[in-house]
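In what follows, a structure is listed as structure tokens, so that the remarks can point back to it.
Protein chains: 2
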Amino acid sequence: MVMANGQLAIEDLVARAGDAAGLATTLARCHPADAIEVLNRVPLGQAAAILLQQSAAVNAQLFNHPGLDAPAKLVNLLPADRAVEVMNELHTDRQVELLRHMNDKEQEALCGKLPAPVQETVRQLLAYPPSRAGGIMTTEFMSLPSAMTVAAALDAIRKVAGSKETIYAIYLLDPEEKTLAGVVSLRELIMADPSAKLADIAVVRKPVTVTADTDREEVGRLISKYDLLAVPVIDETRHVIGIVTVDDVIDAMVEASTEDAQKFGGMEALDQPYMAMSFWAMIKKRAGWLCVLFLSEMLTASAMQTYEAELEKAVVLTLFIPLIMSSGGNSGSQATSLIIRALALRELRLSDWWRILIREIPAGLTLGAILGVIGIVRIALWQKMGIYNYGDHWELIALTVGAALVGIVTFGSMAGSMLPFALKRLGFDPASASAPFVATLVDVTGLVIYFTIAWVILKGTLL
Amino acid sequence: MVMANGQLAIEDLVARAGDAAGLATTLARCHPADAIEVLNRVPLGQAAAILLQQSAAVNAQLFNHPGLDAPAKLVNLLPADRAVEVMNELHTDRQVELLRHMNDKEQEALCGKLPAPVQETVRQLLAYPPSRAGGIMTTEFMSLPSAMTVAAALDAIRKVAGSKETIYAIYLLDPEEKTLAGVVSLRELIMADPSAKLADIAVVRKPVTVTADTDREEVGRLISKYDLLAVPVIDETRHVIGIVTVDDVIDAMVEASTEDAQKFGGMEALDQPYMAMSFWAMIKKRAGWLCVLFLSEMLTASAMQTYEAELEKAVVLTLFIPLIMSSGGNSGSQATSLIIRALALRELRLSDWWRILIREIPAGLTLGAILGVIGIVRIALWQKMGIYNYGDHWELIALTVGAALVGIVTFGSMAGSMLPFALKRLGFDPASASAPFVATLVDVTGLVIYFTIAWVILKGTLL
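Chains C and V, in that order, give the protein sequences. Position 9 of the first sequence, counting from 1, maps to 9 under our numbering, and the rest follow consecutively. Take any residue in the second sequence, count from 1 to its spot, add 463: that is its number in our numbering.
The following block contains the structure:
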């Protein structure tokens with residue numbers, strides 16, 4: 001059953017889903033993450049039946065992990081008294097997350113049955129949006145008066161460790177004001193002289209902190225930048241109201257990557273797994289941008305209408321429209337993905353836009369020249385080999401295509417690299433600059449560039 | 464100088480770069496992450512001058528952090544004896560990373576001056592590729608015989624904690640075979656009865672392990688799934704040869720997101736910051752895919768050549784080519800980004816392809832119908848309002864455009880969602896399925912769909 005790597009043969013367990021009691025015993029012995037993988041793969045009703053066969057403590061271990069696909073639905077499928085029992089054993093950040101995924105009625109029903117102090121904390125935390133530090137923090141952190149000795153601190157930690165989400169970061173409070181006075185890590189504590197005062201072993205520099213209002217991506221950036229296991233959330237009076245731990249941040253980072261990838265694909269972020277989403281909800285997330293892009297792209301039809309006379313005179317020009325326009329879109333898409341990431345990683349700031357521009361213009365010219373040469377060679381080859389006859393002026397047509405490629409690829413690189421800056425400047429998320437967005441932007445201008453170049457080169461001959 | 468948030472006014476410090484001695488003193492008091500931000504923003508020569516004014520121990524703190532943009536170049540700018548002194552104080556994983564970014568000559572010069580045992584370890588680790596667990600692991604982990612008592616273990620940890628990268632995970636070794644027998648966390652150790660044996664407090668289940676050969680993204684997935692602070696790397700004989708810690712994984716995850724975003728943008732991953740990359744190296748990374756896409760997109764020109772007779776009879780059809788083709792590419796790009804992420808997060812497996820297909824076909828039909836209606840309305844409006852005259856058969860043209868949109872958007876959703884599966888099935892990275900790749904795939908087929916529908920609807924009238 002257990003594979004070489006310590007992971008379980010999930011498939012085998014899923015196949016046993018009918019035997020709730022037997023599977024419950026097996027899963028209780030597995031790592032919670034493996035048990036969760038099995039529960040995610042069986043129908044919700046069966047998953048709830050399995051949970052019911054386990055103790056509330058084992059259930060709580062599972063619900064404390066972030067991996068369950070539909071934890072809120074599962075809690076609601078449990079009998080009310082068991083649901084309350086499990087909720088009571090969860091870390092506050094998980095309690096809040098579960099309640100957040102219930103409708104108002106379910107939330108009220110479950111929340112109302114929790115002990116009064118838990119209820120109060122949970123209701124406070126529910127008020128913070130989940131995209132902010134306040135919405136993902138936990139209130140179960142380890143804090144001690146800074147005047148305590150190391151030996152006394154270790155004793156105190158030993159006693160309460162079980163109920164804290166992490167004990168690796170210990171927050172020192174001013175004995176009088178109870179405000180944040182410093183941070184020590186459990187590692188520093190272990191290495192320190194037992195008779196030393198906590199205040200004396202804490203790092204002298206001010207601890208890194210966030211407020212309840214800090215964006216969760218910024219929290220992730222700080223934790224990663226300063227190599228922290230947790231970051232304290234403080235209020236205006238420097239009282240610690242909670243902490244955000246590194247595992248929450250990893251989850252938040254994975255979610256953010258998914259959102260960015262979906263946005264770059266040209267749609268709204270789904271916010272839930274693809275298969276868990278209802279058909280119409282998914283259509284809604286996709287149709288919006290698709291319509292906006294469609295309406296913008298209609299400008300290409302309008303642009304082409306104005307060139308109708310040219311098109312009728314030289315139908316041969318239409319053959320290259322998709323080729324030339326897509327090349328502009330592709331180079332734009334490359335530039336946009338580069339700049340979005342560089343902005344997200346803070347490698348670039350808004351004021352760097354001109355440095356990018358003076359790099360992207362020669363890049364676009366070079367890439368356009370490469371494609372232009374390939375395009376000209378292709379037309380010459382087809383003409384000489386007799387595969388297709390582009391007419392008497394085929395050299396001029398080849399020249400038009402080559403020159404248009406240089407112009408459009410350069411414009412694509414410029415537009416693609418500047419779009420994220422422009423969005424950021426206007427207060428939008430630079431990650432809204434999707435590949436289809438850039439392609440649409442470049443398509444309309446691309447047509448104008450193509451026909452202008454054609455007019456210049458072919459005037460008097462074909463046009 | 465210090466801002467409300469505990470972070471420094473980086474700009475002010477950068478402005479003082481000329482005064483190496485003064486700035487060195489200030490930076491030595493900052494959090495290493497802040498000092499690094501300043502060093503990254505001043506010219507390399509000045510950064511090296513500042514480092515020289517600090518102690519080797521402070522230098523080591525900076526080099527142990529992952530944030531420096533060009534750490535290898537900086538080490539090479541230091542005098543040889545200082546460089547060796549700093550290298551000696553670094554964690555092995557950082558030593559290896561620095562050496563990896565030097566050319567063979569520099570690497571040999573520096574490596575040769577390290578103490579023999581360090582040299583041996585480093586040379587062994589350098590043999591692993593950086594994309595594998597062996598290439599990012601550190602050999603400074605905490606291991607103890609499983610027969611030791613908790614009290615003795617805490618004593619042992621206290622003595623060596625300073626030289627280990629993490630002491631939060633302690634690996635228990637079989638007293639005879641020295642193979643991995645279990646894991647305890649420092650937290651469990653602190654909470655345990657001091658007279659208990661380590662073997663008795665360790666979790667009974669087999670610890671999660673990886674081999675030196677495990678892909679670093681898989682390591683990240685395991686650390687995140689099992690909520691670990693570190694994962695042990697074992698060899699065939701179950702001896703622990705190193706550990707990968709959560710902070711390395713966060714860095715690896717950020718890098719992986721960047722690579723995926725760049726690949727989805729239609730290029731090779733850059734592997735280094737945009738501004739740090741040389742112009743020609745960047746062109747190389749972009750030109751490859753751009754040429755492949757261009758050559759594939761040439762098929763659109765070939766396709767249009769075969770429809771030249773139709774085009775000459777009905778130039779009006781060309782007006783909608785960019786509009787219709789881009790819509791197919793956009794819906795394909797949406798579907799691809801959805802599926803790439805779902806595969807990366809293991810929400811979907813290869814065998815799920817048909818479940819996606821039976822979801823994407825109705826999704827494509829619905830989205831296509833929405834765009835089709837908009838397209839028909841637009842043509843009717845322009846015709847009725849006299850903005851443009853599409854000719855006597857404008858209703859048939861509108862119908863052609865509407866039907867083509869349904870067909871092409873559906874085909875785009877299908878092709879876009881199946882492409883990552885196909886790539887994975889063929890052994891490629893599903894993330895190579897970029898937005899431009901999908902758009903190109905859809906463009907050629909889109910033209911065929913458009914002209915086929917036009918032929919069916921307009922035969923006998925326009926065609």
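Every residue gets a Cβ at the ideal spot worked out from N, C-alpha and C, and that includes glycine. Source: prediction; values computed, not measured.
Could you give the residue range of the beta strand (DSSP E) that holds residue i?
i	result
Ile706 (chain V)	Val703 to Thr708
Met142 (chain C)	Met142 to Pro145
Pro232 (chain C)	Ala230 to Ile234
Ala632 (chain V)	Ala632 to Leu636
So if DSSP puts residue i in a beta bridge, which residue, or which two residues, is it bridged to?
i	result
Tyr274 (chain C)	Tyr274 (chain C) is not bridged to any residue.
Leu82 (chain C)	Before going further, note that residue 82 (chain C) is Arg rather than Leu in the sequence given. Note: Arg82 (chain C) sits in no beta bridge, so no partner.
Val673 (chain V)	V:Val696
Arg809 (chain V)	Its beta-bridge partners do not exist; DSSP assigns none.
Val646 (chain V)	V:Tyr634
Leu215 (chain C)	Checking the sequence, you will find Asp at residue 215 (chain C) rather than Leu. Paired residue(s): C:Arg132.
Between residue i and chain C, is the shortest Cβ-Cβ distance under 8 Å, so that the two count as touching?
i	result
Thr915 (chain V)	no
Ile473 (chain V)	no
Asn468 (chain V)	Because the pLDDT at Asn468 (chain V) is just 42, under 50, the model does not fix this residue reliably, and the point stays unresolved.
Phe783 (chain V)	yes
Pro893 (chain V)	no
Val465 (chain V)	Because the pLDDT of Val465 (chain V) is 38, which lies under 50, any placement of that residue in the model is unreliable, and the question is left without a value.
Arg812 (chain V)	no
Thr908 (chain V)	no
Ala668 (chain V)	Reading the sequence as shown, one finds Arg at residue 668 (chain V) and not Ala. So yes, Arg668 (chain V) belongs to the interface.
Ser720 (chain V)	yes
Arg804 (chain V)	yes
Leu786 (chain V)	yes
Identify the continuous alpha helix (DSSP H) that holds residue i and give its terminal residues.
i	result
Leu189 (chain C)	Leu186 to Met191
Leu30 (chain C)	Before going further, note that residue 30 (chain C) is Cys rather than Leu in the sequence given. Premise fails: Cys30 (chain C) is in no alpha helix (DSSP H) and is neither H nor E.
Pro362 (chain C)	Trp353 to Lys384
Ala69 (chain C)	The sequence shown places Asp at residue 69 (chain C), not Ala. Neither: Asp69 (chain C) is in no alpha helix (DSSP H) and is coded neither H nor E.
Phe757 (chain V)	Phe742 to Thr769
Arg586 (chain V)	Ala579 to Leu589
Glu97 (chain C)	Thr92 to Arg100
Phe874 (chain V)	Trp857 to Arg888
Val919 (chain V)	Ala898 to Leu921
Ala314 (chain C)	Unbroken run through Ala314 (chain C): none, as it is neither H nor E.
At least one CB of chain V closer than 8 Å to the CB of residue i: is that the case?
i	result
Ile201 (chain C)	no
Pro175 (chain C)	no
Tyr274 (chain C)	yes
Val184 (chain C)	no
Met414 (chain C)	no
Thr440 (chain C)	yes
Arg29 (chain C)	yes
Should the segment 911-921 of chain V be regarded as contacting the segment 344-358 of chain C, the criterion being three or more beta carbon pairs within less than 8 Å?
no
Against chain V, which members of the segment 300-316 of chain C pass a CB distance test of less than 9 Å?
Thr300, Ala301, Ser302, Ala303, Met304, Gln305, Glu308, Leu311, Glu312, Val315 and Val316
Members of the segment 224-250 of chain C that neighbour chain V once the beta carbon cut-off is set at 7 Å:
Ser224, Lys225, Tyr226, Asp227, Val246, Asp247 and Ile250
Give the residues from the segment 374-393 of chain C that approach chain V closer than 8 Å (Cβ to any Cβ), ordered along the chain.
Ile374, Gly375, Arg378 and Tyr388
Any chance the segment 98-112 of chain C sits against the segment 69-80 of chain C, with 3 or more Cβ pairs inside 8 Å?
yes
Check each residue of the segment 99-110 of chain C: if its Cβ is closer than 7 Å to any Cβ of chain V, include it; give the result in chain order.
none
To be precise: take each residue of the segment 498-522 of chain V, compare its Cβ to all Cβ atoms of chain C, and keep it if any distance is under 7 Å. Which residues remain?
none
Under 7 Å (Cβ pairs) to chain V, residues found in the segment 155-173 of chain C
Ile157, Arg158, Ala161, Gly162, Ile167 and Tyr168
For the segment 323-333 of chain C against the segment 422-432 of chain C, are there 3 or more C-beta pairs whose distance is under 8 Å?
no
Quick test of the definition: if touching needs 3 or more C-beta pairs under 8 Å, does the segment 722-730 of chain V touch the segment 366-377 of chain C?
no
Meets three-Cβ-pair contact criterion under 8 Å: the segment 389-400 of chain C and the segment 410-417 of chain C
no
Assess, as a yes-or-no matter, whether the segment 147-161 of chain C is touched by the segment 210-227 of chain C under the definition of 3 or more beta carbon pairs within less than 8 Å.
no
Name the residues in the segment 134-146 of chain C whose C-beta lies less than 7 Å from a C-beta of chain V; which are they?
none
Are the segment 576-594 of chain V and the segment 667-674 of chain V in contact at 8 Å, needing three or more beta carbon pairs?
no
May I ask you to verify whether the segment 643-662 of chain V touches the segment 569-583 of chain V, counting CB pairs closer than 8 Å and requiring at least 3?
no
Check whether the segment 138-147 of chain C and the segment 236-252 of chain C touch, using three or more Cβ-Cβ pairs below 8 Å as the test.
yes
Should the segment 854-870 of chain V be called in touch with the segment 915-926 of chain V, which here means at least 3 C-beta pairs below 8 Å?
yes
Counting beta carbon pairs with one atom in the segment 292-299 of chain C and one in the segment 818-832 of chain V, are three or more of them shorter than 8 Å?
no
Name the residues in the segment 816-839 of chain V whose C-beta lies less than 9 Å from a C-beta of chain C; which are they?
Arg818, Ile819, Arg822, Pro825, Ala826, Thr829, Leu830, Ile833, Leu834, Ile837 and Gly838
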